[in-house]
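Report on the following structure.
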Amino acid sequence: MIYYKVYKSGDCKMGLLSRSRRKEELKKQIDNFKQDIENKKWGDLEQIVMEGTLEPFETQGLYIEYKFKKYIKQRWDIKIDADDARWAWEKIVETLKERKKLKIEKEKKRKEKRERIKKKILCDIKNNNIEPLFSIVESCNGNFLQGEEEFISHLERAYGIKIDYKFAKIVWKKVTEKVVIKRIGKFMAGEQNKKNFFKVLYLVYRYENDWTNVDEEVKKEFISQSKKIYGMTLDKKQRDRLGDNLWNKIRRYGKRNLLHMMQRQINLTKEISRLGNKKDYIRADAALKLGISHDKRAIRPLLEALKDRNWDVKVAAAEALGEIGDPRVLEDVRKLLTSVEREIKKIESQINNLMKKIKKLRERGGYYGIKQYSRERDDLKLKMEKMLSYPKRLRRVLDDLKEKKFSQLAVLTESKLKEMDWQDFQDRIIEALNGVSSDKKVADMGIDGITSDGIPIQVKQSENVGRNVVDNFETALRRYYPSTKKILKGIIVAFSFTKGAYEEAYRARLEDNIKIDLMAVEELFD
């Protein structure tokens, strides 16, 4: 007989057992262990396996092997051999791999379902089937942070899935685009205040190209001015897409309708007074609006604006004169173009001189002054970049004016002028003299218009104009000019004059210091 230690229920007992009985006890304990493993009742063995790798038992190293066997000994009160340990390890690994595979498949199905629902959400937005989302975006004016919680919760309730922040933001952008397009549609239908879209309309009217052919600077200006239409926050991609949409819709709306709409918003007196404002951008804006007005009375103040200290204002005034379309300002715009080109060459020369100075300082190894020169050079380069766009804009104005001058000369003939209505005749003659028509078409006290130099004009659509017309015009000049004026000047235009009219004009020049130029209509076509 041999003494054995028997471990049962955690109590240690000494007893005298036969070898066969001991074997039976060990077999029973191993069977219980294997049954638990088969039934997946392995407790912390799973954690130990997960600490290692899901590979064969022999490759796990001594630490994992020791820990694995130790836990088995503590739980099942047995000491197993390498074969049993490998079998238990493989069973646990097999189960873990199956579980992982099921988890991956389940996650894949869930992901497919989420993607399917996401596509459905985007499709519903495209078809305008989620009206509550539109109302949420409109109430928040496109501010996602303000309506985030309500927006996401509505999506989750409506579609029964968890919506992540990233996708919610994509949906918000899509809905925002729809809301903006809806607002654009309302604008085009005339349901909103047209005054808010004044500058937007001007840009479309001024640059008749498609959105893809418009300069980047004009695009930026258009987008910034369109913010009042959008009324919400948009990223660059959305702005470009919606800018293209709006630009093309306005172009299709019709140039004539746009011009009529814009002209009604302009207060001529107010805009002329704004030309004297201290701020450069206000003066430039006033010049652009005067151009849209197409009012000949704006020509004189715009010609004065060509002498402004700021180049933006000068070029804006030139473009406005081009919009009004009076060919008599051709020379003034041409002079401004020459001045701009001269200024660009001057800046270019200054940049080159600064570059030479910086190079010399570097060669000598002295860095004193390089920082200041570099700053001056960078400032000049920025100014140069801005000014390089001016010649292109001015040449466009010159081309428009030349075309209008050619068309006017082709239309204006003496025979046709005689057949014209007297008001149209008067306006055409004053335009040909680089003048502005009087506000009063009747009871104008003898002055029908004023030249760009401030000389009064009287127009007669008749032949053989006599002495009495010249006498009456002398009285009108005395009333028009201040008393301090020494020489009074004026122009009378008619098809022909009598001998008495020339004699009276000559006498007025010698005796009364009144210089009246009698001009025949045919002289305008020389």
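In our numbering, the protein residues as written are 31 to 556.
All C-beta atoms in this analysis are idealised placements derived from N, C-alpha and C, irrespective of residue type, glycine included.
Answer yes or no: do residue i and residue j have a C-beta to C-beta separation smaller than 8 Å?
i, j, result
"Met417", "Glu353", "no"
"Val489", "Ile460", "yes"
"Ala346", "Ala317", "yes"
"Leu163", "Val205", "yes"
"Ile517", "Lys545", "yes"
"Gly479", "Ser467", "yes"
"Arg144", "Ile191", "yes"
"Gly476", "Thr528", "no"
"Ile193", "Ile182", "yes"
"Leu377", "Ile388", "Note that residue 377 corresponds to Ile in the displayed sequence, not to Leu. No, the Cβ-Cβ distance between Ile377 and Ile388 is not below 8 Å."
"Trp576", "Gln59", "Since the first and last residues shown for the chain are 31 and 556, residue 576 lies out of range."
"Val370", "Leu298", "no"
"Leu431", "Pro512", "no"
"Glu349", "Val427", "yes"
"Pro581", "Leu463", "Given a span of 31 to 556 for the chain in the structure shown, any question on residue 581 remains unanswerable."
"Glu247", "Ser419", "yes"
"Gln268", "Lys203", "yes"
"Thr125", "Lys70", "yes"
"Phe525", "Ala506", "no"
Grab me the residues of residue i's own chain with a C-beta within less than 6 Å of its C-beta, minus the 5 sequence neighbours each way, in chain order.
i, result
"Lys319", "Ile296 and Glu301"
"Ala473", "Here Ala473 scores only 47 on pLDDT, less than 50, and its place in the model should not be relied on; the value that follows carries that caveat. Answer for Ala473: no residue qualifies."
"Leu351", "Leu332 and Val359"
"Lys390", "none"
"Asp338", "Lys344"
"Lys121", "Ile67"
"Asn307", "Arg313"
"Gln456", "Asp478 and Val489"
"Arg537", "none"
"His324", "Ile354"
"Asp274", "Trp241"
Near residue i, what residues of its chain come up, given a Cβ to Cβ distance below 8 Å and the 5 sequence neighbours on each side ignored?
i, result
"Ile312", "Arg304"
"Thr83", "Thr89 and Gln90"
Bridge partners of residue i, per DSSP?
i, result
"Leu548", "Ile522"
"Gly479", "Ser467 and Ile487"
"Val495", "Phe527"
Looking only at its own chain, which residues have a Cβ that is under 7 Å from the Cβ of residue i, when we skip the five neighbours before and after it?
i, result
"Lys97", "Ile78"
"Asp616", "The structure shown has nothing for residue 616, since the chain only spans 31 to 556."
"Leu439", "Low confidence applies to Leu439: its pLDDT is 48, below 50, so where it sits in the model is not reliable, and the reading given next is rough at best. Correct list: empty, nothing qualifies."
"Lys38", "The pLDDT assigned to Lys38 is 41, lower than 50, so where the model puts this residue is not dependable; a value taken from the coordinates is nonetheless given after this. For Lys38, where only same-chain residues beyond five positions count, there are no Cβ hits under 7 Å."
"Phe503", "Gly476, Gln488, Gly520, Ile522 and Ile546"
"Asp310", "Asn340, Asp342 and Val343"
"Arg539", "Lys545"
"Tyr403", "Leu384, Lys387 and Ile388"
"Tyr101", "Asp74, Leu75 and Ile78"
"Gly530", "Gly496 and Arg497"
Would you mind reading off the limits of the alpha helix (DSSP H) that contains residue i?
i, result
"Leu84", "Taken as a continuous stretch (DSSP letters only), Leu84 belongs to no alpha helix (DSSP H), as it is neither H nor E."
"Leu410", "Ile400 to Met417"
"Lys308", "No alpha helix (DSSP H) contains Lys308, which DSSP labels as neither H nor E."
"Gln90", "Note, Gln90: premise wrong, no alpha helix (DSSP H); not H, not E."
"Leu384", "Leu360 to Arg394"
"Gly352", "Trp341 to Ile354"
"Ala188", "Phe174 to Tyr189"
"Ile166", "Glu161 to Cys170"
"Leu336", "Run containing Leu336: none; DSSP gives neither H nor E here."
"Lys156", "Ala112 to Lys156"
"Trp72", "Careful: Trp72 lies outside any alpha helix (DSSP H) and carries neither H nor E."
"Asp61", "Arg49 to Glu68"
"Asp454", "Trp452 to Ala462"
Could you tell me whether any non-hydrogen atom of the ligand ZN is closer than 7 Å to the CB of residue i?
i, result
"Arg144", "Here there are no bound small molecules, and the ligand ZN is not part of this structure."
query: Is the region 367-386 in contact with the region 408-426, if contact means three or more CB pairs nearer than 8 Å?
result: yes
- prompt: Any chance the region 99-119 sits against the region 152-165, with 3 or more Cβ pairs inside 8 Å?
  reply: no
message: Could you check whether the region 124-141 touches the region 87-94, counting it as contact only if at least three pairs of C-beta atoms, one from each stretch, sit closer than 8 Å?
response: no
message: Across the region 174-181 and the region 145-152, are there enough close Cβ pairs to call them in contact, namely three or more that are closer than 8 Å?
response: no
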